Each structure stands twice: as structure tokens, then as C-alpha cells.
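Trainee:
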Amino acid sequence: MEIDPSNLPDDPATLKRMVASLLDDRDAGERRLRQLQHMLEQLLRYRYGPRRERVNENQLFLFAAEIIKADKATSPEKKTRSTKPQGKGHGRQRLPKTLERRRVVFDLAENEKQCKHCERVLELIGEEVSERLEYIPASMQVIEEVCLKYACHKGCMIVTAQKPMAPIEKGLPGPGLLAQVAVSKYGDHLPLNRQEGIFQRHGVTLSRKTMCDWMWRCAELVSPLYDSMKERVLSSKVVQTDDTPVKVLDPSIPHTRTGRIWTYVGDCDHPYTVYDYTPTRGRDGPDVFMEKFHGYLQADAYTGYDELYKDRERRIVEVACWAHVRRKHFEAQSSDPMRSTVMLAYIRLLYDVEREAREMKLGGEERKAWRQAKSAPILDDIKAYLQREQLAVLPKSPEGGAMAYTLSNWEALIRYCDDGDLEIDNNGAERSLRGIAVGRRNWTFFGSDNGGQTAAILTSMTASCKRLAIDPFTYLRDIFQRISSHPKNRFDELLPDKWKAARSAATAN
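At position 189 of the sequence shown (counting the first as 1) the number is 174 in the numbering used here, and the numbers step up by one without a gap.
Below is the structure:
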């Protein structure tokens, strides 16, 4: 605001009001400038900087008093850490025994098998064996399915042998080809247009439209398994969930719109990772998906989950995520380095407790007791610190927002201390979405809502295989080959963990 000095009033009270107004405008401008600087720093860090939220070790010395206080609160005696397991080393590792081996023998020429001194024939006394890893490119085969026909010599009847049911009836692809396309796209994030070029190098022309139709039919084929996996995930004591945006083509608008992929990670007794697709981020998506779920739900502070927690008949208990808290305080370092670093140091102490529990391989009840003894005092100090310092920060500043977020979700944040089966953060669900984040950079968008649901089903299969240390190609090839003729009342035998157990038992016998 420009002021003409010649028009200033003579009244001191009016001048004071003008000065106060100018000071308020200046403070508001400075706050806005700090907010814009913070937003710019976050955008630059997101675009160019490291993603890991690491505490600067040098800064921690500035706040040693706070850390020592929290450290003493956890335990009066000296901490003892279990010995870390020995690493695998940095030398060449042995090649797995499961790989096919081809023996190539190098022998002496006949004229070299005679002793140069006594001219006797040399005797074979042993061998030196070394291993070399070789790659054999994939190949395409045409399977000719021949059904033999028989007839009575009197012309009474003609009988033709029946071939097994195909994954796609009267379709071109075999189970191995379908598994290859599915795993390449939904497991290795290779879009169909690139696979089209790969198949052309083998002399086969397969259009991406054709392969897209195959994937839709494959999703229909394994949908009973998907429904069974979903049912088992919702039977978990603890489910972790998160979501991420994806672009979707829409013929009614000139550009793509935003859909959502949701992940639901079952506990160790239900080791499946199931995905769901919704056209929007409305709360109807998780509400419908988790209609039959009762237990702990660990997620971020998305307001769409609030109605699930409020409905007592649903019996869904909220568990919040300390990784989200840490991220907010980490992002506030540029505007308030002292308070944000103190919080990061406190949170690191909480994660130290979790790391020690993992190293000691504590069970559920043991981990609960460990947290009550070690983490609970740290949490009390964190809450006291936040309540004290919140009065000294601007509510709309980055650190003020981080503090408000932490305190508003406090009960859900400390709930992990009440049950050893709960985790301190929601990182399991976030990790399960990394593949989607990598994939959308390659395939760019879904062609339709149906394409989104196809991706959710087939990604659930490949991700669950990876979680169970199963080769997804071997699993899907076997499933595509068998599921059409498999009894419907025994579909559970084809679930990834059941399939793996059956294969292991057959190999052992």
C-alpha cells in the first residue's frame, strides 16, 4: 500500500492505527512468502532431491538434551543391543541349484594322453569344475493339437479324442504365452506396445489390442481366486491400506481423468496383497470393499475412512502411521529446523525400539511388553513436547501443521503399543504401491474403468506371488492351464500359498 507523506493525518491515534495496519500487512506478507518458499522447496525436493527422510546427524548434537532425556525415560539402565546378523559378504555367490545345468566336458587330445617321459597312457584321476552363467533367449512355439478320430469298420460310430479345455476357448494363446504377457505387464511393468515389439523380433505379430483382450479374459478366469483372496485378506486381524492415483481414458472428455488403485495388505496369517480399482477417491470405494472386515485398519489420515471408524457395528479400529508423521516434520525442516529436528530425533528413538525388537525376533506378546517398557515413555515425552511447543508456532506454518496433525491423530498413533501384532507405520501398504507407481510411468494410463479392474485383479496375483517368494510366471502358467477344468468346490487349492505348499510337498516326495 502506497502512502503519500503530505496527506498523513496529524492525529496520533489515527497514525498508530495506520502503523499497526501496515505491520499486520507486513507480517501477513512475510508469512505468505515463507509458505511459498516452503512449497517451492518441497517441489524442488520432490523433483530433484532424495526421497528418504533422514535425520542430519550433525543437527542432532544441537538437541542432545532432548534426546538424552527421552533416552533415559525409556530405560534407566544402559541399552544393550543384540548382535547384528552377519551379512552375506561381497564375494561371488553360489548359483542356485534350481537352475538347469548342462555339462560341457573338455578333454585332452588323443596324442596328449601319453606320458612324455615313459610313454605310458595317462589315467583319469579327477576333474576341475567351474561354473559359467549363460542366457538362452526365450522362444515361441506352435503347439499342434491333434485329436485322433476312430470309427467302427461297419460304420456304426465315429469317436474323436477330446483335448483339454483351453484358457481362452478357441483362442490362439497357450497358458505360457498368457502368463508371459500378464507377468510382463503387471509384474515387470512392461506395457503392451513394448511387448508387441518384442514378439515381432520372434517373427510373430500380436497387436496390443489383442493382448489387451487376452488380459481381460485372464482376469475373468482368475476372478474366483481373486474373490477368495479378498475374503481371506478381510479375515485378517490387521489390514494395511493405501491408495494412489492413476490416469484413465474417458471418451466423454478431451483428456484423461483420475482414478484410484487401492491396496489391501493382509497379515502374516493371510499373506495376500489385494488391489481394487475405483473411478474416484470417494469413500464408497473402501467402504464397499471392506464391508465384511472387522479388526485393525492401518492407514493414513484420509477422511474417507472416518465413517468406518465411527460405525461401531463395523468394529474397525484405526491405527495411524508414524511414517506419515515423520514425513510432515521432515518437510517442515526448512521453515523451523529446531522443532522439526527435535521431532525427527524423537521418532528415530521409536524406530530404534522397533529395530531392536526385530533383531531379537520377539513374538507378539513380547513385542507388546517391549514397547510398553521402551516406547511408551518416549511417546509421553513427545506429547508433552508437542503440547508445549504448539503454543509458540503459527498454526498455519509447516511445523504448526505437522504438530496439529500429530496431536489430532494421537490416539491412533499410540495404538500400536497396545498390540504386538500391529506395526509402527503403514510402510507395508506403501511398498505394495511402488509397482503401480513404476508401472504408470510406463503404461501411462488405463484404457477404461474395466482396464483398471483387470489391472487390479492380475496385479493382485503377481504381487501375492512375489510376497510368497513364488515365481509368478510358473504359478500363472499352471493356473491358466488347470483352472478351466478344476472343480469349483476346490478352487482354494489354487491359491498362491496353497499351490506353493502342494508343490513343495510333491517335490519332497
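Heads up, the beta-carbon is just placed ideally off N, CA and C, and yes, glycines get one too.
What you are looking at is a predicted structure, and each value in this text was computed from that prediction instead of being measured.
Since Glu303 is in the beta strand (DSSP E), which residue starts that stretch and which ends it?
Mentor: In the sequence shown, residue 303 corresponds to position 318, counting from 1. That run of the beta strand (DSSP E) goes Ile301 to Val304.
Trainee: Quick check: the region 448 to 466 against the region 476 to 493, are there 3 or more CB pairs under 8 Å?
Mentor: Contact between the region 448 to 466 and the region 476 to 493 is present, because at least three Cβ pairs lie under 8 Å.
Trainee: Taking Phe476 as the reference, which of Thr145, Leu210 and Asp92 has the closest Cα?
Mentor: Counting from 1 along the sequence shown, the entry for residue 476 is found at position 491. Nearest of Thr145, Leu210 and Asp92 to Phe476, Cα basis: Leu210.
Trainee: Going by DSSP, what residue range makes up the alpha helix (DSSP H) through Ala501?
Mentor: In the structure as shown, the chain starts at -14 and stops at 494, and residue 501 therefore has no counterpart that could be examined.
Trainee: Where Leu80 and Thr229 are concerned, what is the direct C-alpha to C-alpha distance, given to the nearest angstrom?
Mentor: The residue given as residue 80 occupies position 95 in the sequence shown. The residue given as residue 229 occupies position 244 in the sequence shown. Those two C-alpha atoms are separated by around 38 Å.
Trainee: Just to confirm my understanding: we take Ile53, look at its own chain, exclude 5 residues before and 5 after, and list those with CB closer than 8 Å. What are they?
Mentor: Here residue 53 refers to the residue found at position 68 when the sequence shown is read from its first residue. Caution applies to Ile53, whose pLDDT of 47 falls short of 50 and renders its modelled position unreliable; the value that the coordinates give is listed next. Answer for Ile53: no residue qualifies.
Trainee: Per DSSP, Gly280 is paired with what?
Mentor: Counted from its first residue, the sequence shown places residue 280 at position 295. Paired residues: Ile301.
Trainee: Closest to Glu116 by C-alpha separation, out of Gln78, Leu334 and Ser124, would be which residue?
Mentor: Sequence index remark: in the sequence shown, residue 116 carries index 131 (1-based). It is Gln78 whose Cα lies nearest to the Cα of Glu116.
Trainee: Any idea if Thr68 is buried or exposed, counting beta-carbon neighbours within 10 angstroms, 16 or more meaning buried?
Mentor: For this step, residue 68 is matched to residue 83 along the sequence shown. Note that Thr68 scores a pLDDT of 48, beneath 50, so its modelled location is shaky; the value from the coordinates is reported in the next line. The residue is exposed, with fewer than 16 neighbouring Cβ atoms inside 10 Å.
Trainee: Please confirm if the region 303 to 321 is in contact with the region 355 to 373, defined as three or more CB-CB distances below 8 Å between the two stretches.
Mentor: With a cut-off of 8 Å, the region 355 to 373 and the region 303 to 321 do not count as touching, because too few Cβ pairs lie within range.
Trainee: Which residues in the same chain as Ser445 place their Cβ atom closer than 7 Å to its Cβ, once the five residues preceding and following it in sequence are excluded?
Mentor: By 1-based counting over the sequence shown, the position of residue 445 is 460. The answer, listed in chain order, is Tyr211, Met214, Thr258, Val259 and Tyr260.
Trainee: Taking the Cβ atom as the reference point for each residue, do Trp307 and Leu398 lie within a distance shorter than 9 Å?
Mentor: On the sequence shown, residue 307 is found 322 positions in, with the first residue counted as 1. On the sequence shown, residue 398 is found 413 positions in, with the first residue counted as 1. Contact: yes.
Trainee: Residues in the same chain with beta-carbon distance under 7 Å from Glu51, minus the five sequence neighbours each way, listed in chain order, please.
Mentor: Within the sequence shown, numbered from 1, the residue matching residue 51 stands at position 66. With a pLDDT of only 48 at Glu51, under 50, the local geometry of the prediction cannot be trusted, and the value read off the model is given with reservation. So the qualifying residues of the chain are Val327 and Ala330.
Trainee: Ignore the nearest five residues each way along the sequence and tell me which others in Ile367's own chain have a CB closer than 6 Å to its CB.
Mentor: If you number the sequence shown from 1, residue 367 lands on position 382. Only Tyr331 meet the Cβ criterion.
Trainee: Would you call the CB atoms of Gly432 and Val233 closer than 9 Å?
Mentor: In the sequence shown, residue 432 corresponds to position 447, counting from 1. In the sequence shown, residue 233 corresponds to position 248, counting from 1. A contact, by the Cβ cut-off of 9 Å.
Trainee: Give me the Cα-Cα distance between Ala369 and Cys197, rounded to the nearest whole angstrom.
Mentor: Taking the first residue of the sequence shown as position 1, residue 369 is located at position 384. Taking the first residue of the sequence shown as position 1, residue 197 is located at position 212. Rounded to whole angstroms, Ala369 to Cys197 spans 56 Å at the Cα level.
Trainee: What are the complete alpha helix (DSSP H) segments, minimum 4 residues, inside the region 283 to 357?
Mentor: You should have 291 to 295, 307 to 316 and 322 to 344.
Trainee: Hey, Ala387 and His314: beta-carbon distance below 9 Å or not?
Mentor: Taking the first residue of the sequence shown as position 1, residue 387 is located at position 402. Taking the first residue of the sequence shown as position 1, residue 314 is located at position 329. Their beta carbons are under 9 Å apart, which means Ala387 touches His314 by this criterion.
Trainee: Spatial neighbours of Arg193 within its chain, please: CB distance less than 7 Å, with the 5 preceding and 5 following residues excluded, ordered by chain position.
Mentor: For this step, residue 193 is matched to residue 208 along the sequence shown. Only Leu177, Asn178 and Glu181 meet the Cβ criterion.
Trainee: What's the call for Asp321, buried or exposed, on a 16-neighbour Cβ count within 10 Å?
Mentor: Position 336 of the sequence shown, counted from the first residue, corresponds to residue 321. Asp321 comes out buried.
Trainee: Can you round the beta-carbon distance between Thr226 and Gly244 to whole angstroms, since I take them to be within the 8 Å contact cut?
Mentor: Indexing the sequence shown from 1 puts residue 226 at position 241. Indexing the sequence shown from 1 puts residue 244 at position 259. No, Thr226 and Gly244 are not in contact; Cβ-Cβ is about 16 Å, not under 8 Å.
Trainee: In chain order, what residues of the same chain have a beta carbon less than 6 Å from the beta carbon of Tyr135, not counting five sequence neighbours either side?
Mentor: Taking the first residue of the sequence shown as 1, we reach residue 135 at position 150. Val144.
Trainee: Beta-carbon within less than 7 Å of Leu453's beta-carbon, same chain only, minus the 5 sequence neighbours each way: which residues are those?
Mentor: Position 468 of the sequence shown holds residue 453. Within the same chain, Leu453 has close Cβ partners Pro256, Pro481, Asp482 and Lys485.
Trainee: If contact is defined by three or more beta carbon pairs under 8 Å, each pair taking one atom from either stretch, is the region 263 to 273 in contact with the region 281 to 289?
Mentor: Yes, the region 281 to 289 touches the region 263 to 273.
Trainee: Between which two residues does the beta strand (DSSP E) containing Lys148 stretch?
Mentor: For this step, residue 148 is matched to residue 163 along the sequence shown. That residue, Lys148, is in no beta strand (DSSP E); it is neither H nor E in DSSP.
Trainee: What's the call for Ile468, buried or exposed, on a 16-neighbour Cβ count within 10 Å?
Mentor: By 1-based counting over the sequence shown, the position of residue 468 is 483. Counting Cβ neighbours within 10 Å, Ile468 comes out buried, since at least 16 surround it.
Trainee: Could you name the residues of the same chain whose beta carbon sits closer than 7 Å to that of Asn412, not counting the 5 residues immediately before and after it, in chain order?
Mentor: The residue you call residue 412 lines up with position 427 of the sequence shown. Hits under 7 Å: Ala308.
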